[in-house]
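Here the structure is laid out as structure tokens; the discussion comes afterwards.
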Amino acid sequence: MTTFLRIALALSTLYIASAIGIDRAVSQNASAQINVSTEDGFYGRRDSKHTYVPGGAIGKDRITPYIFNGKPSHYDDVFGISYKKEDGLNYICSGTLIGPHQIITAGHCGCGIKSSYQVTNSANIRSASKWFSVKEVLLFDGYYCGNDKIIGNDLAILILNADPKGPTHRLRHLIPHPMASVASWPATFRALGYGLTEKSGWGLRLEAHIPVLSINCADKQFTKRGCTPFVEMILADRRPSGTAVSDTCGGDSGGPIMAQLPGDPKARLVGVTSRGMGSDQQSASLHCGGGGIYTVLGRYSVARWLDSLGIDKSDPTPSGRVTE
């Protein structure tokens, strides 16, 4: 096996607006090749598949290690998700435990073969000894696999066959009210996931604080980038090219976006990683380093959906579980 992993970038398209979005899901096959499925435009033709070898181009593109300038994370309510698609490849996503056996992730991470799903909250997927199987995959209203249309509906719930019990397991606190009603937001949100890194490849649970570029994408400049107003947001580190920036990347799809609101002692789950913006990416090969588009959770349609699934959105305090 070569000392470098080979990364194939499968470029596909979405048909919504004249902007570019990158699906941040990673696929690995048995020969240690990683295929990063990307959505390279919101309309246009399907592009060809390109091959990329890490260690060369990543360094050349000056991308920093980990979740793009991140660090190892202790949040064990964040899970790595492994699954197969009909193409026979094994894909990697991220997700968050929000109920005793319910994980919220991205909708496009719910488009695999149901019997193939396994999840783990090990800090390193590739050395994980304990995995949990998935009983059911539930897509958010309006999201359909293969539809290639993402307008704030890129969400799914994985129902586990067993409760991943543990003395330190957290149940993540969802934001308790619509995000539109929040008067003041912190300058950065925390992103977590198991996605692509420069030095460590992929599969480590990492986190980084990423500046909030637009909390609601209401301005035309953000809708042009493919962000749907009031149901999606943009996080992007806009420092000059070549500077160490923080960003999500392939494999971070479905991972949590958390915010510490003024006067609130708890870190709240406010979003889910959906896709990257295809423009201004520091890594032309991985389409990362230039910001991403994230699905907003703090809205009535999501609250109704979680209610319909019997997921309690109140602050969880089960016995033996840490709640921050």
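Going by this note's numbering, the sequence shown opens with residue 936, and the numbers climb by one from there. Note that beta-carbon positions come from the ideal geometry of N, C-alpha and C, so glycine has one too.
Task: Distance cut-off 7 Å: L1131 Cβ against heavy atoms of the ligand ZN - done: This structure lacks the ligand ZN; in fact it carries no ligand of any kind.
Open item on the list: According to DSSP, simplified to helix, strand and coil, what is F1014?
Closed with: strand
TODO: Taking N1096 as the reference, give the member of G1087, K1070 and S1181 with the closest Cα.
DONE: K1070
Open item on the list: Comparing C-alpha positions only, which one of L1093, V1231, G1087 and S1051 sits nearest to V1013?
Closed with: L1093
TODO: Indicate whether I1192 and F1124 have their beta-carbon atoms separated by less than 8 Å.
DONE: yes
Open item on the list: Could you compute how far the alpha carbon of G1226 sits from the alpha carbon of T1031?
Closed with: Near 21 Å, if we compare the C-alpha coordinates of T1031 and G1226.
Open item on the list: Per the DSSP calculation, G1034 is bridged to which residue(s)?
Closed with: According to DSSP, G1034 bridges with Q1037.
Open item on the list: So, with DSSP's three-state summary, where would you put R1140?
Closed with: Of the three classes helix, strand and coil, the one that applies to R1140 here is coil, per DSSP.
Task: Sequence-distant residues of the same chain with beta carbon closer than 7 Å to L1244, five excluded per side - done: L1073 and I1092
TODO: State the CB to CB distance for the pair M1212 and R1173, rounded to an integer number of angstroms; the pair is presumed to be in contact (CB under 8 Å).
DONE: Their Cβ separation, rounded to whole angstroms, is 11 Å, which puts M1212 and R1173 out of contact at 8 Å.
- [ ] Can you grab the Cα-Cα spacing for the pair I1047 / S1064, in whole Å?
- [x] Per the sequence presented here, residue 1047 reads as Gly, with Ile not at that position. Across the structure, G1047 and S1064 are spaced so that their CA atoms are roughly 22 Å apart.
Task: Candidates F1067, S1008, C1184 and K1020: closest to P1035 by CA position - done: F1067
Open item on the list: Between which residues of its own chain and S1008 is the CB-CB distance below 7 Å, once the five residues before and five after are set aside?
Closed with: L1127, R1140, L1141 and E1142
Open item on the list: For E1167, list the residues DSSP reports as bridge partners.
Closed with: T1230
- [ ] Mark Y1079 as exposed unless 16 or more other C-beta atoms lie within 10 angstroms of its C-beta, in which case mark it buried.
- [x] Result: exposed.
TODO: Hey, could you find the ends of the beta strand (DSSP E) L1244 is sitting in?
DONE: Run containing L1244: none; DSSP gives neither H nor E here.
Open item on the list: According to DSSP, simplified to helix, strand and coil, what is Y1235?
Closed with: helix
Open item on the list: Can you find the residues in the same chain that come closer than 6 Å, C-beta to C-beta, to Q1162, ignoring five residues on each side of it along the sequence?
Closed with: Gln is not the amino acid found at residue 1162; the sequence shown has Cys there. Once the five neighbours on either side are set aside, the close Cβ partners of C1162 are C1152, I1169 and I1228.
Open item on the list: Assuming T1183 is part of the beta strand (DSSP E), what are its boundary residues?
Closed with: Unbroken run through T1183: none, as it is neither H nor E.
- [ ] Take the Cβ of R1239 as the centre, count every other Cβ of all protein chains shown within 10 Å, and call the residue buried at 16 or more, exposed below.
- [x] exposed
- [ ] Classify K1070 as helix, strand or coil using the three-state DSSP reduction.
- [x] strand
- [ ] Can you tell me which of I1145, A1058 and I1150 puts its alpha carbon nearest to the alpha carbon of T1183?
- [x] Of the listed residues, the one whose Cα sits closest to T1183 is I1145.
- [ ] Quick one: residues in its chain with C-beta nearer than 8 Å to the C-beta of E1021, no 5 flanking neighbours on either side, listed in chain order?
- [x] I1048
Open item on the list: Using 8 Å for Cβ pairs, my map puts S1050 next to G1186. What's the rounded Cβ distance?
Closed with: At roughly 22 Å, the Cβ-Cβ gap does not stay under 8 Å, so S1050 and G1186 are not in contact.
- [ ] Check whether the Cβ atoms of L1241 and V1207 lie closer than 8 Å to each other.
- [x] Their beta carbons are not under 8 Å apart, which means L1241 does not touch V1207 by this criterion.
Task: Residue range of the unbroken beta strand (DSSP E) whose run includes F1124 - done: T1123 to G1128
Task: For G1130 and W1120, believed in contact at Cβ under 8 Å, the rounded distance - done: The Cβ separation is near 24 Å, so there is no contact.
- [ ] Would you tell me roughly how many angstroms separate the C-alpha atoms of N1088 and G1224, rounded to the nearest one?
- [x] 24 Å
- [ ] Helix, strand or coil for K1065, going by three-state DSSP, please let me know.
- [x] coil
Open item on the list: L1109 and T1230 - do their beta-carbons sit closer together than 8 Å?
Closed with: Cβ atoms of T1230 and L1109: not closer than 8 Å.
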